[in-house]
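Asks: For the protein sequence lines, the chains are A and B, in the order given.
Residue numbers are given in full-length UniProt numbering: position 97 of the first sequence equals residue 97, and the series is strictly consecutive.
Residue numbers are given in full-length UniProt numbering: position 33 of the second sequence equals residue 33, and the series is strictly consecutive.
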Amino acid sequence: MIMVLNKRVLFLTILSVCMTVMAYGQKTHLPEPYINHAENGLIYNTVFAYKEYSFSGLMVVKKEGEAYRVVLLSKLGPSIMDFVLENGELIWNKVPKGMERAVIRKIMARDFSIMLLTDLQNPDKVRKRKDGYKVKGAGIIKVKLANNNDVREAETKNTFTFFKTKASFFYTNDDHIPDEICVNHRYIKMKMEMKLLER
Amino acid sequence: MSKLLIYLIMFPSMLLFQNDDFVSMKDIQSFKKGINQMASTTNTIQAKFNQNKYLSILSNGVESSGTMHFKKPDLLKWSYTNPYNYAILLNGEEIKINDEGKVNSFEIKNSKIFKELNDLIINSVRGNVLQEERFDISYLENNELYLTRLNPQEEQLKSYVKQIDIYFEKSDYTVNRIQLFEYEGDYTLITFHNKKINASIPDSEFSFQ
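1. Just verifying my parser: in three-state terms, what is the DSSP assignment at A/G65?
2. Please confirm whether B/Q163 and B/L145 have their CB atoms less than 8 Å apart.
3. Which chain B residues sit within Cβ distance under 7 Å of A/K63?
4. Residues of the segment 65-78 of chain A in Cβ contact with chain B at a cutoff of 8 Å, in chain order, please.
5. Which of helix, strand or coil does DSSP assign to A/V103?
6. Could you pull the start and end residues of the beta strand (DSSP E) that B/N52 belongs to?
7. Going straight from the alpha carbon of B/K170 to that of B/G34, what length do you get?
8. Could you compute how far the alpha carbon of A/K142 sits from the alpha carbon of A/Y133?
9. Consider the Cβ of A/E198: report whether some Cβ of chain B lies at a distance smaller than 8 Å.
10. Could you pull the DSSP bridge partners for B/T191 from this structure?
11. Under the rule that 16 or more other beta-carbon atoms within 10 Å means buried, what is A/R101, buried or exposed?
12. Using beta carbons (cut-off 8 Å, strictly below), is B/I57 in contact with chain A?
13. Would you please state the rounded distance, in angstroms, between the beta carbons of A/G139 and A/K125? I believe it to be under 8 Å.
14. Sort out for me which residues DSSP pairs A/E32 with in a bridge.
15. Mind listing which residues of the segment 28-52 of chain A have their C-beta closer than 8 Å to chain B's C-betas, in chain order?
16. Of all the CB atoms in chain A, is at least one closer than 8 Å to the CB of B/D165?
17. What runs of the beta strand (DSSP E), each 3 residues or longer, lie entirely inside the segment 126-169 of chain A?
18. Since A/L58 meets chain B, which of its residues come closer than 7 Å, beta carbon to beta carbon?
19. Along the beta strand (DSSP E) that carries B/Q163, what are the first and last residues, could you check?
20. Closer than 8 Å, CB to CB, is A/S113 near chain B or not?
21. In this structure, what does DSSP give as the bridge partners for B/T67?
22. Can at least three beta-carbon pairs, one atom from the segment 146-153 of chain A and one from the segment 167-176 of chain A, be found at a separation below 8 Å?
23. Indicate whether A/V61 and A/I35 have their beta-carbon atoms separated by less than 8 Å.
24. Bridge partners of B/E141, per DSSP?
25. Buried or exposed, going by whether 16 or more other CB atoms sit within 10 Å of the CB of B/V23?
26. Using the Cα positions of A/L120 and A/E155, report the straight-line distance between them to the nearest angstrom.
27. Following the continuous beta strand (DSSP E) through B/F208, name the residue where it begins and the one where it ends.
28. Measuring straight from C-alpha to C-alpha, what distance separates A/I177 and A/G57?
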């Protein structure tokens, strides 16, 4: 009887150790938001396009504690919009007229969360899948990685969401900061193209 | 007590730094006359500029540079050439934007804020900005420069810009630099150099073709 119990305890102990090691191994190799590699923030030359219309400005992104600050500057200088993303919520500091509506705020919160990969900050939300990672935030995001663990693609995977967002990340060196980012929407001709200004 | 002492020592120097040694202008009428004279004899201006955007969340400013061309009565082109290619052309009725070769144009009257900006830029260069009723204006000077401090009175412009400082050279009344302040303490400083007054500028300069 004691022998059987000891074998069971030994088996459970080994199983527990293996699971801990596996989980640790998985978490240490998890992708993380690229902004973690830029404590002074990043500036992207950004073009927003909707159908045949387009507008460009400078997008400043910076991590502030657990939150992400985004400021869009006109190329002539003054800032056009300014907000903070925290826990998937967008809080306006400065909002252009006509963009105060809740639906716009919700769409922007999701688009910018994907663009900034904010949900990767929390390892508990990240699960390894066959061809990448699945991230559970306000919605579900599927993330694909390059060989060096940099994120090359992030896409919303909610089955019943019509308005799907996909962000592609392009790198020209090994600093883990994307030099170009492109955010597209599956059924709507609206996109955002970002090119990193020299750091 | 020591904090109070430090404050008493620091406060005057902070004020001095903030105002860059500027004091109230002694002869505002003479300054206005000089500006009007300069504006009436100036047909074209071309200059290079450096733009520095100070943003409180960034440790370094965002720097850009380019050229500015103005031709009477209302042709104005700003061309940014570093670190990106971006040009904005104003002709009184229309705004054209050339963004890395892609040109967009729209009528100024359809955008109130662009109309405000157009009027402000054109009138600053022409010297008419001091007659603007849309601003509460204060007049300052130091040994080398005149400073006009414009506080917008209209709500729409106010929502973007808190204060505009325009610095004029005392020697020739041309604009030395413009500083646009926003509410969060952020500002844009545009400094002009290599200014050429009344040099010939062909109309083709104000076209993207």
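Cβ coordinates follow ideal geometry from the N, Cα and C atoms, glycine included.
No experiment lies behind these values; they were computed from the predicted model shown.
Replies: In short, the structure shows the following:
1. coil
2. no
3. Within chain B, no C-beta atom comes less than 7 Å from the C-beta of A/K63; the nearest is roughly 10 Å away.
4. R69, V71, L73, K75, L76, G77 and P78
5. Under the three-state reduction of DSSP output, A/V103 falls in the helix class.
6. T44 to Y54
7. B/K170 and B/G34 have their alpha carbons spaced roughly 9 Å apart.
8. Distance between the alpha carbons of A/K142 and A/Y133: 6 Å.
9. Yes, A/E198 lies at the interface with chain B (some Cβ there is under 8 Å from its Cβ).
10. B/N50 and B/R177
11. exposed
12. yes
13. Beta-carbon to beta-carbon, A/G139 and A/K125 are separated by about 11 Å, too far to satisfy the 8 Å threshold.
14. Bridge partners of A/E32: none, in fact.
15. From the segment 28-52 of chain A, only N40, G41, I43, N45 and V47 have a Cβ closer than 8 Å to chain B.
16. no
17. 126-129, 132-136, 140-145 and 151-156
18. V62
19. Q163 to E169
20. Interface flag for A/S113 against chain B is unset, since no Cβ pair is found closer than 8 Å.
21. B/K48 and B/S79
22. yes
23. Yes.
24. Looking at the DSSP assignment, B/E141 forms a beta bridge with B/V23 and B/Y146.
25. B/V23 should be labelled exposed.
26. 13 Å
27. First-last for B/F208: undefined, no H or E at that position.
28. 20 Å
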